[in-house]
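Protein chains in written order, with the UniProt record's numbering: chain H, 1 to 336; chain G, 1 to 307.
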């Protein structure tokens, strides 16, 4: 029982209809989330991270977005095949989500205590009074000062960081076993980002829940995540233990992202961005989607689409979708 | 809030002053003399002059205006030339009929228009939505006098299921209320639809879904409460149209309300009654908009605190 992953995503494909045509926002992504672990999902904007999260939560914007293939198995139940009403009851209760922008994610016309309390009222049938008391308790838990007084305030009366704490309180209300946090610190001030990250990590440990942390900021998750999943153009390009991936990155995209992190110990160096722009999903390059931006690309890369595979000489868990993973890792293939 | 209310009330007084001033001037600029109308075509010039003097119409316009304003401030709204009774009493005696009609139309509009708008939004760009949207466009652009006459032809003359006019039981209310409601209902459908579509992709609606709420709860109250904010504002403004509509509908269906009284008074150049009726209708309009503004603050807490 404890060996089976809490969440198992297999060959997930999500299609979006846009004005310009159909897009495979997620294209054959597979990964597991084990009980109590933290998985960091990393990648640039448009890589399919958020869409993957929306698919798991069953909140893809309709009718534009649609899961067209794959399975999402949570605790032995396929969320895509099960009765929608039963899946709905899992949401917020077993699987919860925190969004990027806490201002637009909170309803502006309802008091925050009412919004948090709704979890208890709708899922547990709690009375208004009990729900409000539980909301105060949660607000205290996530570090909102004077929670008892502020429970009846509206979202716009809180700062960005406090709003995100309220979102977190709401997500944690029913003690979910899986929390998905989609860029939870991106919309916040830099000084507040670290506080929110620490809060999330602390709460995750205390609750023993699994956390899927979606971000484009590799620096943010290094200390809190157990494993990493890197996405590019709707696909998984590298996955493994986070220390292993960070120290032995075996995909040129991962290497590029690592090189673009500012190094405070070498202050006078220029930042090294990943060259080129994220690909146009409407018109993906042939072969490996990354090849036009890849310093290691050969003719083979523009024809042959690489699959995620183990790397010779590294732990079985560590996988890369690069034909030249071993060479990239060994530094043998110098950028051309 | 009290300061805001005081400001609004002061502003309302100006609006009412503007309304009575315009109607006072326009009434006296249009051709037709109340004394002549009252005495009929056989009256001699000296009879007409004598009556004009008794009615105070021989004074210069500015003096008449001054006297009228002075009287209005003293809550004396003049009297009916024709019936020699207090003009405002006459208006108020017709009020219950108009109120009945307006409330029925308003109720119909909200009970039917709001749900239809929600359905159209939830089924956006489907056949259902198209049908509702086209019908509401038709409803909004068809003039009430035409709808009223067609209703009379179809339901009173041809089918003979409803009375063509006058008052009595609820049957008498059906045709005028529906006629009056139609344009208002149509606007409500369109506003509700666009308001809901605007908020349906907002972050907080996504949050509501992620919280595992039933779709019905996601729409009511999470999305709807936000969608209602612009709807309520426009409904307040459109209420003026509804009041204007009563004038036409009451005339078509011989409904003895304020609107019909106003039309009769205009054709008889009964200045006092016209002025009293216009002042009353303007007063109701101002009051409704004040209520809407207060309601707006209740619906949107961000406004409440700023106010």
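Note that the Cβ used here is the ideal one computed from N, Cα and C, for glycine as well. Since this is a predicted model, take the numbers as computed values, not measurements.
Under 8 Å, Cβ to Cβ, is there at least one residue of chain G near residue i?
| i | result |
| --- | --- |
| residue 203 of chain H | no |
| residue 138 of chain H | no |
| residue 311 of chain H | no |
| residue 154 of chain H | yes |
| residue 214 of chain H | no |
| residue 16 of chain H | no |
| residue 99 of chain H | yes |
Roughly how many angstroms separate the alpha carbons of residue i and residue j, rounded to a whole number?
| i | j | result |
| --- | --- | --- |
| residue 1 of chain H | residue 74 of chain H | Residue placement at residue 1 of chain H is poorly supported in this model, since its pLDDT is 48, which falls under 50; the coordinates are not used for a value here. |
| residue 278 of chain H | residue 232 of chain G | 44 Å |
| residue 175 of chain H | residue 37 of chain H | 15 Å |
| residue 302 of chain G | residue 64 of chain H | 32 Å |
| residue 313 of chain H | residue 27 of chain H | 28 Å |
| residue 289 of chain H | residue 232 of chain H | 8 Å |
| residue 47 of chain G | residue 291 of chain G | 49 Å |
| residue 90 of chain G | residue 113 of chain G | 34 Å |
| residue 265 of chain G | residue 254 of chain G | 15 Å |
| residue 237 of chain G | residue 289 of chain G | 7 Å |
| residue 153 of chain G | residue 138 of chain G | 19 Å |
| residue 111 of chain G | residue 151 of chain H | 34 Å |
| residue 261 of chain H | residue 249 of chain H | 14 Å |
| residue 157 of chain G | residue 100 of chain G | 25 Å |
| residue 120 of chain H | residue 127 of chain H | 8 Å |
| residue 286 of chain H | residue 50 of chain H | 24 Å |
| residue 183 of chain G | residue 259 of chain G | 17 Å |
| residue 179 of chain G | residue 148 of chain G | 6 Å |
| residue 103 of chain H | residue 65 of chain G | 56 Å |
| residue 159 of chain H | residue 192 of chain H | 10 Å |
Whose Cβ in chain G lies nearer than 8 Å to the Cβ of residue i?
| i | result |
| --- | --- |
| residue 189 of chain H | In chain order: nothing, as chain G lies at least about 19 Å away. |
| residue 92 of chain H | 210, 211, 212, 213 |
| residue 302 of chain H | Those within 8 Å of residue 302 of chain H in chain G number zero; the least Cβ separation is about 38 Å. |
Given that residue i touches chain H, what residues does it touch there, using C-beta distances under 7 Å?
| i | result |
| --- | --- |
| residue 222 of chain G | 107 |
| residue 213 of chain G | 122 |
So which residues of chain G does residue i contact, with C-beta pairs closer than 9 Å?
| i | result |
| --- | --- |
| residue 291 of chain H | Result: empty, since nearest Cβ-Cβ is about 35 Å, beyond 9 Å. |
| residue 11 of chain H | Those do not exist, as residue 11 of chain H stays about 24 Å from chain G at its closest Cβ, beyond 9 Å. |
| residue 88 of chain H | 209, 212, 213, 214, 215 |
Taking Cβ-Cβ distances shorter than 8 Å, what residues in chain H pair up with residue i?
| i | result |
| --- | --- |
| residue 217 of chain G | 122 |
Taking only beta-carbon positions, decide if residue i is within less than 8 Å of chain H.
| i | result |
| --- | --- |
| residue 300 of chain G | yes |
| residue 225 of chain G | yes |
| residue 295 of chain G | no |
| residue 303 of chain G | no |
| residue 207 of chain G | yes |
| residue 290 of chain G | no |
List the residues of chain G that residue i touches, going by C-beta distances under 7 Å, in chain order.
| i | result |
| --- | --- |
| residue 127 of chain H | Going along chain G, no residue has its Cβ under 7 Å from residue 127 of chain H, so there is no contact; the nearest lies around 17 Å. |
| residue 119 of chain H | 211 |
| residue 104 of chain H | 202, 203, 204 |
Are any of the Cβ atoms in chain A nearer than 8 Å to that of residue i?
| i | result |
| --- | --- |
| residue 199 of chain H | The question asks about chain A, but that chain is absent: this structure's protein chains are H and G. |
(request) Check whether the segment 270-279 of chain G touches the segment 16-28 of chain G, taking contact to mean three or more Cβ pairs, one atom from each stretch, closer than 8 Å. (result) yes
(message) Can you confirm whether the segment 244-260 of chain H touches the segment 321-329 of chain H when touching is taken to mean that 3 or more C-beta pairs between the two stretches lie within less than 8 Å?
(response) yes
(request) Taking only beta carbons into account, state which residues of the segment 181-204 of chain G come closer than 8 Å to chain H, listed in chain order. (result) 201, 202, 203, 204
(request) Pull out every residue of the segment 94-108 of chain G whose Cβ sits closer than 8 Å to any Cβ of chain H, in chain order. (result) none
(request) Spell out a yes or no on whether the segment 277-286 of chain G and the segment 13-21 of chain G are touching, meaning 3 or more CB-CB pairs, one atom from each, closer than 8 Å. (result) yes
(request) May I ask you to list, following chain order, the residues of the segment 156-167 of chain H that have a beta carbon less than 9 Å from some beta carbon of chain G? (result) 156, 157, 167
(message) Does the structure place the segment 121-141 of chain H close enough to the segment 171-190 of chain H that three or more beta carbon pairs sit under 8 Å?
(response) yes
(message) Measuring CB atoms only, is the segment 38-47 of chain G touching the segment 84-97 of chain G, in the sense that at least three cross pairs come out at less than 8 Å?
(response) no
(message) For the pair the segment 206-226 of chain H and the segment 181-194 of chain H, tell me if three or more CB-CB distances fall below 8 Å.
(response) yes
(message) Please list, in chain order, the residues of the segment 39-56 of chain H that have any C-beta partner in chain G closer than 7 Å.
(response) none
(message) Give me the subset of the segment 56-82 of chain H whose CB atoms are less than 7 Å from a CB atom of chain G, sorted by chain position.
(response) 57, 59, 61
(request) Kindly confirm or deny that the segment 121-133 of chain G and the segment 162-170 of chain G touch, where touching means at least three C-beta pairs closer than 8 Å. (result) no
(request) Would you check if there are 3 or more beta carbon pairs closer than 8 Å linking the segment 190-199 of chain G to the segment 94-114 of chain H? (result) no
(message) When you compare the segment 184-195 of chain H with the segment 120-136 of chain H, are there three or more beta-carbon pairs, one atom per stretch, that lie closer than 8 Å?
(response) no
(request) Flag this pair as touching only if the segment 139-150 of chain G and the segment 236-252 of chain G have three or more C-beta atom pairs under 8 Å; answer yes or no. (result) yes
(message) Under 8 Å, with one C-beta from each stretch per pair, do the segment 99-117 of chain H and the segment 41-48 of chain H reach the 3-pair mark?
(response) no
(request) For the segment 82-97 of chain H and the segment 200-215 of chain G, state whether three or more C-beta atom pairs, one from each stretch, are separated by less than 8 Å. (result) yes
(request) Pair every Cβ in the segment 217-236 of chain G with every Cβ in the segment 201-209 of chain G, then say whether three or more of these pairs are closer than 8 Å. (result) yes
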